[in-house]
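Chemist: The sequence shown lines up with residues 43 to 144 when you count with the numbering used here. Built from N, CA and C at the ideal position, the CB exists for glycine as well. No experiment lies behind these values; they were computed from the predicted model shown.
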Amino acid sequence: EYLPAGFTVESFESDDKEINIVFSNPNNDRIEYILYKEYTYNTMENQYEIIDNNGTNIYYTEDGDTRTVICKVTDIYIKIFSNYIGKEELLQIMKNIKVLNR
43 EYLPAGFTVE SFESDDKEIN IVFSNPNNDR IEYILYKEYT YNTMENQYEI
93 IDNNGTNIYY TEDGDTRTVI CKVTDIYIKI FSNYIGKEEL LQIMKNIKVL
143 NR
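#1: As a quick exercise: from 139, 102, 109, pick the residue whose alpha carbon is nearest that of residue 90.
#2: Assuming residue 78 contacts residue 60 under a Cβ cut-off of 8 Å, what Cβ separation, rounded to an integer in Å, is found between them?
#3: Roughly how many angstroms lie between the CA atoms of residue 92 and residue 69, to the nearest whole one?
#4: Round the Cβ separation of residue 112 and residue 119 to the nearest angstrom and send it over; I've been treating them as touching at under 8 Å.
#5: Going by CA-CA distance only, name the one from 108, 75, 137 that's closest to residue 96.
#6: Do you know how far the Cα of residue 104 is from the Cα of residue 122?
#7: Do residue 125 and residue 57 have their C-beta atoms closer together than 9 Å?
#8: Can you give me the Cβ contacts of residue 139 inside the same chain, cut-off strictly under 7 Å, excluding the 5 residues immediately before and after it?
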């Protein structure tokens, strides 16, 4: 339900294991979504900041210029990452995701 102004779908790919959606704006800034049926968190608690979202954990990390959030919504893991947008806007995107037809 939320995406920063100016972003539209650049590409959409899917297979049995994941869905990849890339959004871009006229400046070629990108926001990438990956939806998984299964996701291995490994030692996520040690690598990610845990942010409570009404009882659901959102995991946040930065690696160089790339900021990433991961959350489980129903039975799907959603990973969103970007070099363009900041932490708060990335969290706003994740908090406003609605999974339809579940």
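Modeler: On the basis of the coordinates in this document:
#1: For the purposes of this step, residue 90 is taken as the residue at position 48 of the sequence shown. If we check each option's Cα against that of residue 90, 102 comes out closest.
#2: In the sequence shown, the residue the question calls residue 78 occupies position 36. In the sequence shown, the residue the question calls residue 60 occupies position 18. Contact flag correct, Cβ pair sits at about 5 Å.
#3: The residue given as residue 92 occupies position 50 in the sequence shown. The residue given as residue 69 occupies position 27 in the sequence shown. One C-alpha to the other measures close to 31 Å.
#4: Within the sequence shown, numbered from 1, the residue matching residue 112 stands at position 70. Within the sequence shown, numbered from 1, the residue matching residue 119 stands at position 77. Sure, about 6 Å apart at Cβ, within 8 Å.
#5: Within the sequence shown, the letter at position 54 stands for residue 96. The shortest C-alpha separation from residue 96 is found at 137.
#6: For the purposes of this step, residue 122 is taken as the residue at position 80 of the sequence shown. For the purposes of this step, residue 104 is taken as the residue at position 62 of the sequence shown. Roughly 12 Å between the two C-alpha positions.
#7: The sequence position of residue 125 within the sequence shown is 83, counting from 1. The sequence position of residue 57 within the sequence shown is 15, counting from 1. Against a cut-off of 9 Å, the Cβ pair of residue 57 and residue 125 comes out as no contact.
#8: Walking along the sequence shown from the start, residue 139 turns up at place 97. These residues qualify, in order along the chain: 115, 120.
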